[in-house]
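Asks:
Numbering (our numbering), first residue to last: 35 to 85.
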């Protein structure tokens, strides 16, 4: 895989986790949403820096 492909995959994973944050928050699972938010931030940051 090229570097750009890996960056796109990391950003996609981050966006998927952002959807999980909204879902978990709506269900009232704030701790799970916080953990998911940290993962989303890390994945998006990795994708942007990898680019």
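Glycine included, every Cβ here is placed at the ideal spot set by N, Cα and C.
In this text, all values refer to a predicted model and were calculated from it rather than measured experimentally.
Looking at residue 55: is its Cβ nearer than 8 Å to the Cβ of residue 67?
Replies: Taking the first residue of the chain shown as position 1, residue 55 is located at position 21. Taking the first residue of the chain shown as position 1, residue 67 is located at position 33. Yes, they are a contact pair.
Asks: Could you tell me how far apart the beta carbons of residue 73 and residue 45 are, in whole angstroms, since I believe they sit closer than 8 Å?
Replies: The count along the chain shown starts at 1 and reaches residue 73 at position 39. The count along the chain shown starts at 1 and reaches residue 45 at position 11. Going by Cβ atoms, the distance from residue 73 to residue 45 rounds to 13 Å, so no, they are not a contact pair.
Asks: What residue does the alpha helix (DSSP H) around residue 76 start on, and which one ends it?
Replies: Within the chain shown, residue 76 is the residue found at index 42, counting from 1. Unbroken alpha helix (DSSP H) run through residue 76: 64–84.
Asks: Mind checking residue 51: buried by the 16 CB within 10 Å criterion, or exposed?
Replies: Reading the chain shown from its first residue, position 17 is the one you call residue 51. With 16 or more Cβ atoms within 10 Å of its Cβ, residue 51 is classed as buried.
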